[in-house]
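Heads up: the structure comes next, in structure tokens.
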Amino acid sequence: DAREYFLSAIAGLDPISLNFLSGELEKLPLFVEGNLVTRENLEEIFSTLPEISNFALNEEISKKNSKRAIELLRRQIHDGIFLPLIVGMLSKHVRQLIQTKILIKRGIRGKNLGKPLEMNPFIAEKFGQTAEKFLMQTLEESYLNLCDADYLFKTGGAGAELLEEVVLKLC
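Residue numbers are given in the numbering used here: position 40 of the sequence shown equals residue 88, and the series is strictly consecutive.
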């Protein structure tokens with residue numbers, strides 16, 4: 049479970065600095081009891097990184113766990129993560145779900161989703177399973193709402209409540 053979480057979390061990082069990753073993993077013994085690294089240990093150490101905390105938010109949305117997703121969103125906002133950054137990361141996730149649903153509709157499934165999505169085949173297969181939980185209409189409407197939110201945030205026309213609405217709609 050910890051390995052799967054780790055691979056999925058770092059797959060969401062575009063260019064990853066091995067020095068940075070090494071530094072984060074060096075902190076791991078501070079969170080581990082005994083010799084077993086758990087998913088919870090990794091979630092704890094990575095929770096302060098915007099990219100990873102957004103991965104956790106996307107994961108809760110994928111599970112349709114609205115309560116936890118809103119908690120994570122509010123935590124990111126409280127921690128001072130730039131709202132357009134959150135919008136961008138959520139938009140990327142929703143766009144990938146839309147692309148995945150289109151590929152599935154064309155008959156591309158499982159690990160074969162990896163190449164067209166430019167993902168590790170194992171992660172792409174799981175992403176395909178996640179995409180099937182969503183209605184295309186919900187994804188498309190959410191994506192358009194995120195585009196609107198991005199514009200409004202950058203022009204001073206909206207607050208974080210707009211993001212909460214999108215998260216709730218997805219859940």
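The C-beta atom is built at its ideal place from N, Cα and C for all residues, glycine as well.
Pairwise C-alpha distance: residue j and residue i
i	j	result
I118	V80	27 Å
E166	I134	22 Å
V214	L69	31 Å
K149	F103	20 Å
I93	E74	10 Å
Y53	K202	33 Å
D196	P77	43 Å
K112	Q124	18 Å
V157	P132	Reading the sequence as shown, one finds Arg at residue 157 and not Val. Each residue's Cα considered, the two are about 32 Å apart.
R154	H126	41 Å
S110	P164	21 Å
T178	K159	13 Å
A206	L66	37 Å
L211	M137	12 Å
G71	R87	18 Å
L121	L216	11 Å
L187	G82	42 Å
G128	I146	29 Å
N204	M184	Looking at the sequence itself, residue 204 is Gly, so the reference to Asn does not match. G204 and M184: Cα-Cα distance of roughly 30 Å.
E91	I171	18 Å
E108	F130	20 Å
Beta carbon of residue i nearer than 8 Å to that of residue j
i	j	result
E189	I152	no
G176	P169	no
V142	Y191	yes
A50	N89	yes
S114	C219	yes
Cβ neighbour criterion (16 or more within 10 Å) applied to residue i
i	result
L84	exposed
E209	exposed
Q144	buried
N106	buried
K14	Coverage of the chain is limited to positions 49 through 219, which leaves residue 14 absent and any answer about it impossible.
N193	buried
F182	buried
L55	exposed
Residue-level contact to chain C via CB, residue i, 8 Å cutoff
i	result
H141	Considering every chain present, this structure includes no chain C. It has just one protein chain.
Secondary structure, alpha helix (DSSP H): runs of 4+ residues fully inside the region 64-119: 66-74, 87-94 and 98-110
At which residue ranges does the region 143-174 contain complete alpha helix (DSSP H) runs of 4 or more residues, listed in the order of the chain? 162-165
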